[in-house]
Amino acid sequence: MTELCAELRPLTLETPAEHPFAEFVRILGKGKRGARGLTREEARAAMTLLLEGKVEDTQLGAFLMLLRHKEESAEELAGFTEALRTHLQAPNIAVDLDWPSYAGKKRHLPWYLLAAKCLAGNGVRIMLHGGGAHTAGRMYTEQLLTLLEIPLCRSWQAVSNALDEQRLAFFPLQDWAPQLQRMIDLRNTLGLRSPIHSLARVLNPLAARCGLQSIFHPGYQAVHREASRLLGDHAVVIKGDGGEIEINPDVASHLYGTSGGENWDEEWPAMSAQRHVKPASLQPEQLLAVWRGEAQDSYGEMAVIATMALALRGLGQDREQAFGNARVYWAERKNIN
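In this text, residue positions in the sequence shown follow the UniProt record's numbering: the first is 1, and each later residue adds one.
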């Protein structure tokens with residue numbers, strides 16, 4: 001009996017202090033009537049604790065799923081981004097386009113990579129970044145870097161060097177924001193995408209002249225634009241094919257832009273009179289064959305030209321000028337090393 005009593009835990013006689021992060025879980029999860037979204041300041045404070053590793057795993061899972069269920073607001077995305085930028089202290093590297101690539105493609109090849117490659121060959125400095133292959137059946141940027149000779153950079157210095165030499169760099173999220181990568185990797189544990197997939201598209205860590213964003217789910221495009229407006233960024237948001245920054249030439253595209261605190265909208269008509277047939281399988285080598293002029297692909301080449309035009313529109317050209325330059329860039333791509 002004495003031995004049994006010795007093994008029992010002592011009674012809790014004093015109320016333990018509440019964990020600092022518990023407040024933010026409570027705000028989001030306090031029932032149908034008591035719950036609300038985070039203010040921008042609350043979001044900034046919550047993300048700061050997350051980035052500093054001061055949050056328990058149980059709190060992290062609850063926080064991410066409550067946000068996912070509620071759907072993140074523009075104020076929350078802006079606050080999260082401010083915390084990340086402060087924490088990151090990224091170096092001063094000149095970039096024209098911030099190009100997040102987190103969705104992967106499943107219906108069509110990632111033609112946007114040829115658009116980025118062609119733009120870079122014409123002097124546009126582009127930083128691509130992504131979070132790895134997280135969903136089966138999709139093709140990701142990371143898997144095609146070697147094939148398309150896109151520099152994989154594992155440090156800010158490497159990014160700077162690649163941009164100076166080739167004007168194109170891919171920097172994995174895990175190398176510059178490992179805390180966010182860990183949250184993305186929880187997808188297969190939690191069973192749902194977390195809001196970090198959305199947040200990564202807003203981050204624009206090097207304060208590029210224009211941040212391109214693709215949000216596939218309807219209604220989220222305006223939220224992302226508003227987050228970028230709150231941050232004072234210049235950005236263009238679209239519903240890109242498969243969630244990547246790629247114009248689908250078979251359908252009309254709506255551009256959600258913001259610059260200097262003012263929003264603008266533009267409707268681009270479909271380029272093709274008829275929808276293209278989806279390929280039976282995705283063969284990465286087709287990208288290289290089309291790039292080299294050894295093969296033709298109507299859908300792919302339209303997608304490349306339109307996506308380049310989108311980027312040039314984001315950099316200040318009007319639609320007609322952007323498409324004109326995009327077509328010239330594509331026609332003369334053989335001159336790109």
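Note that beta-carbon positions come from the ideal geometry of N, C-alpha and C, so glycine has one too.
In the three-state reduction of the DSSP assignment, S160 falls in the helix class. DSSP, reduced to helix, strand and coil, places K278 outside both helices and strands of the structure shown, so it counts as coil. Annotated three-state conformation of L128 is strand, per DSSP. Counting only runs of 4+ residues, the alpha helix (DSSP H) found wholly inside the segment 141-195 occupies 145-148, 156-166, 173-176, 178-185 and 187-190, in chain order. In this structure, L128 lies away from A311, with their beta-carbon atoms at least 7 Å apart. Contact annotation, P279 with A252: C-beta distance approximately 22 Å; criterion of less than 8 Å not satisfied.
Residue pairing by DSSP places Y256 opposite V237 and D265 in a beta bridge.
Across the structure, E266 and I238 are spaced so that their CA atoms are roughly 10 Å apart. Secondary structure in the segment 35-62: the alpha helix (DSSP H) runs of 4 residues or longer, each lying completely within the stretch, are 40-51 in chain order.
Residue ranges of uninterrupted beta strand (DSSP E) with 3 or more members are absent from the segment 287-312; none lies entirely inside it. The beta carbon of A74 lies closer than 7 Å to those of V223, E226, A227 and L230 in the same chain, with the five residues before and after it left out. Here I150 is near L168, since their CB atoms are less than 7 Å apart. When secondary structure is reduced to three states using DSSP, Q283 falls in the coil class, being assigned neither helix nor strand. Looking at the backbone, the Cα of A200 and that of E82 are separated by about 12 Å. Exclusion of the five residues before and after Q143 leaves A133 as the residues of its chain whose Cβ lies within less than 7 Å of its Cβ.
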